[in-house]
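Numbering (the working numbering), first residue to last: 18 to 413. Only one structure is covered here, and it is reproduced in the block below.
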Amino acid sequence: MKYQDVAIPAGHAWSSPFARWQGSLADVSALDLAADVTARALAVRHLTPDALDGLVLGWTVPQPDIFYGASLLAAQIGALGLSGPMISQACATSVASLEAAAGRVTSGGGTQLVVVTDRTSNGPQVLYPRPNAPGGAPQSTHWVLDSFAHDPWAGTSMLAAGDAVAAESGVTRAELDELAILRWEQYHKALADGRAFQRRYLVPVEAPGRRGAKTTIDADEGVRPVVREEIARLRSAAPGGTHTFATQTHPADGCAGAIVTSVAQARELSGGEGVVHILATGMARVGRSRMPEAPVPAALAALNDAGLSIDQVDAVTTHNPFAVNDVYFSRKLGFPLERMNSYGCSLIFGHPQAPTGLRSIAELIEELRLRGGGIGLFTGCAAGDTGAAIVVRVTD
Numbered sequence: 018m019k020y021q022d023v024a025i026p027a028g029h030a031w032s033s034p035f036a037r038w039q040g041s042l043a044d045v046s047a048l049d050l051a052a053d054v055t056a057r058a059l060a061v062r063h064l065t066p067d068a069l070d071g072l073v074l075g076w077t078v079p080q081p082d083i084f085y086g087a088s089l090l091a092a093q094i095g096a097l098g099l100s101g102p103m104i105s106q107a108c109a110t111s112v113a114s115l116e117a118a119a120g121r122v123t124s125g126g127g128t129q130l131v132v133v134t135d136r137t138s139n140g141p142q143v144l145y146p147r148p149n150a151p152g153g154a155p156q157s158t159h160w161v162l163d164s165f166a167h168d169p170w171a172g173t174s175m176l177a178a179g180d181a182v183a184a185e186s187g188v189t190r191a192e193l194d195e196l197a198i199l200r201w202e203q204y205h206k207a208l209a210d211g212r213a214f215q216r217r218y219l220v221p222v223e224a225p226g227r228r229g230a231k232t233t234i235d236a237d238e239g240v241r242p243v244v245r246e247e248i249a250r251l252r253s254a255a256p257g258g259t260h261t262f263a264t265q266t267h268p269a270d271g272c273a274g275a276i277v278t279s280v281a282q283a284r285e286l287s288g289g290e291g292v293v294h295i296l297a298t299g300m301a302r303v304g305r306s307r308m309p310e311a312p313v314p315a316a317l318a319a320l321n322d323a324g325l326s327i328d329q330v331d332a333v334t335t336h337n338p339f340a341v342n343d344v345y346f347s348r349k350l351g352f353p354l355e356r357m358n359s360y361g362c363s364l365i366f367g368h369p370q371a372p373t374g375l376r377s378i379a380e381l382i383e384e385l386r387l388r389g390g391g392i393g394l395f396t397g398c399a400a401g402d403t404g405a406a407i408v409v410r411v412t413d
């Protein structure tokens with residue numbers, strides 16, 4: 018989908034740190050987290066609720082009061098009267114939310130606040146009534162764990178999809194291990210000078226501590242160093258598979274957001290810092306249970322709509338829950354692995370579902386700003402066999 022007059026003000030895409038599964042944010046509702054992070058992000062950017070015309074809320078894991086999610090979040094941040102759609106599309110939720118916001122801007126909806134938030138820790142146990150079952154016993158589903166473990170259409174797990182693509186593409190265990198090491202080194206670069214790069218977009222979180230105390234989380238929690246000698250000793254995560262626990266991501270909790278508006282308004286809101294033009298978005302599906310392949314056609318669809326080729330792209334970030342994703346992408350499009358995810362990726366910092374993509378998009382924007390501008394591509398897979406991508410151009 019192509020856009021003519023849609024942009025993010027430079028500096029107006031942000032993310033919380035990501036906290037490990039069952040970590041410091043495990044008992045914090047994703048809606049409360051979103052309210053805390055969004056309010057802080059808007060205050061730092063000197064944006065008041067009356068500057069906003071609409072809200073797009075993305076989430077994938079139900080939380081208490083999510084039925085009222087968009088209106089409740091708006092009230093929590095003091096934006097009374099603000100509302101808009103709620104979007105849920107697994108790991109593609111960030112791109113889908115930005116796409117929804119871009120459509121609202123294009124149709125005259127004004128400045129949109131995009132918030133994507135999820136807590137994979139302590140996901141709900143859902144009971145579906147079955148009055149005709151023996152004894153009326155309900156069907157039970159663990160929203161998070163069962164979704165990770167089983168694609169109902171393909172009949173396989175996401176890990177099985179990653180291993181299948183690796184086997185069919187001839188990607189070796191050694192290649193996956195080396196990719197994980199590279200991505201760790203890139204993430205470690207983002208920690209230099211007191212995490213100077215991450216501080217360009219990260220918004221601290223206040224989480225409840227013991228006896229009413231507050232704990233400030235201003236850095237990722239639960240990131241695992243990737244050491245060649247150690248990961249070489251790991252067994253595959255599935256019998257006969259290629260991926261290990263070092264070459265797949267880990268679930269996490271977090272929130273991200275952005276302001277989406279017209280180019281003229283973005284220029285005004287950025288205060289002279291530049292404009293991030295949203296050129297196009299793209300989505301695609303591939304073969305059943307071949308999820309790691311999907312970022313390629315999604316990226317090509319977005320690039321085609323933007324009138325660009327991969328050779329014109331200056332920087333790429335990806336959502337890569339499995340190391341094979343990036344290896345496959347590099348092979349198919351000829352984009353060097355070392356030029357992707359220059360400051361880390363979800364393989365390293367974790368995956369809270371909805372906000373994962375927008376964090377990587379925020380990193381992509383900041384990388385391009387440091388370069389002095391250019392074309393950026395984010396692409397990633399989503400549940401089962403789907404991919405989503407967005408192309409941006411950063412200018413002064």
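Positions of the beta carbon are idealized from the N, C-alpha and C atoms, including for glycine.
From the DSSP output, in three-state form, read off Trp31 for me.
-> Here residue 31 refers to the residue found at position 14 when the sequence shown is read from its first residue. Residue state, collapsed to three classes: strand.
What are the boundary residues of the alpha helix (DSSP H) that Leu64 is part of?
-> Here residue 64 is taken as the residue at index 47 of the sequence shown, counted from 1. Segment: none, Leu64 is in no alpha helix (DSSP H) and carries neither H nor E.
Quick one, which of Ala213, Val131, Arg190 and Ser100 has its alpha-carbon nearest Leu251's?
-> Start at 1 with the first residue of the sequence shown, and residue 251 comes out as number 234. For Leu251, the nearest C-alpha among the options comes from Arg190.
Counting along the chain, where does the alpha helix (DSSP H) carrying His205 start and finish?
-> Residue 205 sits at position 188 when you count from the first residue of the sequence shown. Start and end: Arg190 to Lys206.
Could you check how far apart the C-beta atoms of Pro79 and Ser46 are, in whole angstroms? I think they sit under 8 Å.
-> The sequence position of residue 79 within the sequence shown is 62, counting from 1. The sequence position of residue 46 within the sequence shown is 29, counting from 1. That pair is no contact at about 10 Å.
Starting from the C-beta of Trp201, find all residues in its chain whose C-beta is less than 7 Å away, skip the five residues before and the five after it, and write them out in chain order.
-> To locate residue 201, count along the sequence shown from 1; it is residue 184. Correct list, in chain order: Pro242, Val243 and Ile365.
Between the beta-carbon of Ala56 and the beta-carbon of Leu74, is there less than 7 Å?
-> As a first step, residue 56 must be located in the sequence shown, where it is residue number 39. As a first step, residue 74 must be located in the sequence shown, where it is residue number 57. In this structure, Leu74 does not lie closer than 7 Å to Ala56 by Cβ.
Gln142 in three-state terms, based on DSSP = As a first step, residue 142 is located in the sequence shown; it is residue number 125 there, counting from the start. DSSP places Gln142 in strand when its eight states are reduced to three.
Coil, strand or helix - Arg250 by DSSP = Within the sequence shown, numbered from 1, the residue matching residue 250 stands at position 233. Coil at Arg250, not helix or strand.
Close beta carbons around Val220, own chain, < 6 Å, minus the five adjacent residues each side | On the sequence shown, position 203 is the one that residue 220 refers to. Correct list, in chain order: Trp31, Ser33, Val54, Arg57 and Ala58.
Identify, in the order they occur along the chain, each residue of the same chain with its Cβ nearer than 6 Å to the Cβ of Arg376, setting aside the five sequence neighbours on each side.
-> In the sequence shown, the residue the question calls residue 376 occupies position 359. Closer than 6 Å at Cβ, skipping near neighbours: Ser32 and Ala273.
Quick one, are the C-beta atoms of Gly288 and Phe35 less than 7 Å apart?
-> As a position in the sequence shown, residue 288 is number 271, starting the count at 1. As a position in the sequence shown, residue 35 is number 18, starting the count at 1. In this structure, Phe35 does not lie closer than 7 Å to Gly288 by Cβ.
With DSSP collapsed to three states, give me the class of Val280.
-> As a position in the sequence shown, residue 280 is number 263, starting the count at 1. Helix.
Residue span of the beta strand (DSSP E) that contains Gly393, given as start and end | Position 376 of the sequence shown, counting from 1, holds the residue named residue 393. Its beta strand (DSSP E) spans residues Gly391 to Ala399.
Kindly indicate which three-state DSSP category Arg37 falls into: helix, strand or coil?
-> Sequence index remark: in the sequence shown, residue 37 carries index 20 (1-based). Note: Arg37 maps to strand in three-state DSSP.
Is it the case that the Cβ atoms of Asn454 and Cys362 are separated by a distance below 7 Å?
-> Residue 454 lies beyond the stretch modelled for the chain, which goes from 18 to 413, so this question has no answer here.
Please name the residue, chosen from Gly390, Asp22 and Ala301, that lies closest to Gly126 on a Cα-to-Cα basis.
-> The residue you call residue 126 lines up with position 109 of the sequence shown. Nearest C-alpha to Gly126: Asp22.
Name the one or two DSSP bridge partners that Ile407 has.
-> By one-based count along the sequence shown, residue 407 stands at place 390. Per DSSP, the beta-bridge partners of Ile407 are Thr298 and Phe395.
Within this structure, are the beta carbons of Leu199 and Val344 separated by less than 7 Å?
-> The residue you call residue 199 lines up with position 182 of the sequence shown. The residue you call residue 344 lines up with position 327 of the sequence shown. Against a cut-off of 7 Å, the Cβ pair of Val344 and Leu199 comes out as no contact.
Count the C-beta pairs between the region 284 to 298 and the region 114 to 130 that are closer than 8 Å, then say yes if the count reaches three, no if not.
-> yes
Which one or two residues does DSSP pair with Phe339 in a beta bridge?
-> For this step, residue 339 is matched to residue 322 along the sequence shown. Its beta-bridge partners are Gln265.
Cβ pair Gly239, Pro369 closer than 7 Å = Translated into the one-based positions of the sequence shown, residue 239 becomes position 222. Translated into the one-based positions of the sequence shown, residue 369 becomes position 352. No, the pair does not count as a contact, with Cβ atoms beyond the cut-off.
Count the other CB atoms within 10 Å of the CB of Val404; is the residue buried (16 or more) or exposed (fewer)?
-> For this step, residue 404 is matched to residue 387 along the sequence shown. A small correction: the amino acid at residue 404 is Gly; Val does not occupy that position in the sequence shown. With a 10 Å radius around the Cβ and a threshold of 16 neighbouring Cβ atoms, Gly404 comes out buried.
Measuring CA to CA, which of Gln106, Gly397 and Arg356 is closest to Val313?
-> Within the sequence shown, numbered from 1, the residue matching residue 313 stands at position 296. Out of Gln106, Gly397 and Arg356, Gly397 has the C-alpha closest to the C-alpha of Val313.
Which partner residues does Ala157 have in the DSSP bridge list?
-> Here residue 157 refers to the residue found at position 140 when the sequence shown is read from its first residue. Before going further, note that residue 157 is Ser rather than Ala in the sequence given. Beta-bridge pairing links Ser157 to Leu144.
Of the choices Leu97, Glu185 and Ala236, whose alpha-carbon is the least far from that of Ser41?
-> Taking the first residue of the sequence shown as position 1, residue 41 is located at position 24. Nearest option by C-alpha distance: Ala236.
Secondary structure at Pro169, three-state DSSP: helix, strand or coil?
-> Numbered from 1 along the sequence shown, position 152 holds the residue referred to as residue 169. Three-state DSSP puts Pro169 in coil, outside helix and strand.
In three-state DSSP terms, what is Gln21?
-> As a first step, residue 21 is located in the sequence shown; it is residue number 4 there, counting from the start. Coil, per DSSP.
Mind checking Ala209: buried by the 16 CB within 10 Å criterion, or exposed?
-> Counting from one through the sequence shown, the residue named residue 209 turns up at place 192. Exposed: under 16 other Cβ atoms inside 10 Å.
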